[in-house]
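I have placed the structure first, in the form of structure tokens, so that the comments after it can refer back to it.
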Amino acid sequence: MLIIGLTGGIGSGKTEVSNRFAGLGVPIIDTDQLARELVEPGQPALSDIAAVFGPDCLDERGRLRRDALRERVFINPDGRRRLEAILHPRIQSLMQARIAALSAPYCLVVIPLLLETGMSDLVDRILVVDVSEMDQIRRVMVRDGVTEEQVRRILAAQISRTQRLARADDILENTGNIDLLISQVAALHQHYLALASAKAA
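Under the numbering used here, think of the first position of the sequence shown as 4, with each following residue one higher.
In structure tokens:
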């Protein structure tokens, strides 16, 4: 099966794009969703996070306080690395198990930090959802109710737009024009079906 790694900076519209592919019957594996599963109460990863970052990262019901953890991680690069060391191997393992259970010409794996975490070796092609930095900032401020400074901190923790585009096999421009987005997804879908067929031959 052909494995497409979908990535892009924060606020680029990865969810919108993956939903469009899902509408065409393409299996989607979202690593953010896998991460959420891994930090549910009772999961070993949640216990490890509490041990490293302190019990105040959990609420009164023992669930992860994402806002509190996010603040600590983004102002502290060492904290981010420690969190990644807890989560990334588990995400990778779960992702591979989910892929192995699929039966389709190709699947889309949504990995926001695909290039930052060295997980690009796990996919056959890299699809980058591209958007201008100002659009990213505007969208995330509206979506998450955060300040421009907070968004810029997150952007600084990710590789640059130029670096991301240089690594892309395919680029999807998400300007906010839905008709353009739909046509790009449709064209890529046919392209990936053809590549999957050639790989299986």
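Using N, Cα and C, we set each Cβ at its ideal position, and we do this for glycine too.
All values derive from a computational prediction rather than experimental measurement.
query: Per-residue burial, Met137 [other beta carbons within 10 Å of its own, 16 or more giving buried]; result: exposed
query: Given Ile13 as reference, the closest of Ser200, Ala171, Ala197, Asp133 once Cα atoms are compared; result: Asp133
query: Inter-stretch contact (C-beta, 8 Å, three-pair minimum) for the segment 81 to 93 and the segment 14 to 27; result: no
query: Contacts around Leu175, its chain only, beta-carbon distance under 8 Å, and the 5 residues preceding and following it disregarded; result: Val20, Leu130, Val131, Val132, Asp133, Leu184, Gln187, Val188, Leu191
query: 8 Å contact criterion, which Leu37 and Met98 should meet: CB distance rounded; result: 6 Å
query: Buried or exposed by the 16-neighbour rule on C-beta atoms within 10 Å, applied to Ile114; result: buried
query: contact_flag[the segment 78 to 85, the segment 102 to 116] where n(CB pairs < 8 Å) is 3 or more; result: no
query: Nearest to Ala160 (by Cα), restricted to the options Leu118, Asp127, Asp173; result: Leu118
query: Residue from Gly26, Ala197, Pro47, Thr10 with nearest C-alpha to Asp33; result: Thr10
query: Backbone CA spacing between Leu27 and Thr120 [nearest angstrom]; result: 29 Å
query: Same chain, Cβ closer than 8 Å to Asp59, neighbours up to 5 away in sequence not counted; result: Arg68, Ala71
query: Cβ-Cβ distance between Ile52 and Asp127 below 8 Å; result: no
query: Own chain partners of Val149 with C-beta closer than 8 Å, once the 5 adjacent residues on each side are dropped; result: Val143
query: Spatially closest choice to Ile102 from Ala204, Ile181, Pro30, Leu198, by CA coordinates; result: Pro30
query: Runs of alpha helix (DSSP H) wholly within the segment 52 to 103 (minimum 4 residues, chain order); result: 69 to 77, 80 to 103
query: Arg73 and Phe56 closer than 8 Å at C-beta; result: no
query: Cα-Cα separation between Leu198 and Leu168, rounded to whole angstroms; result: 21 Å
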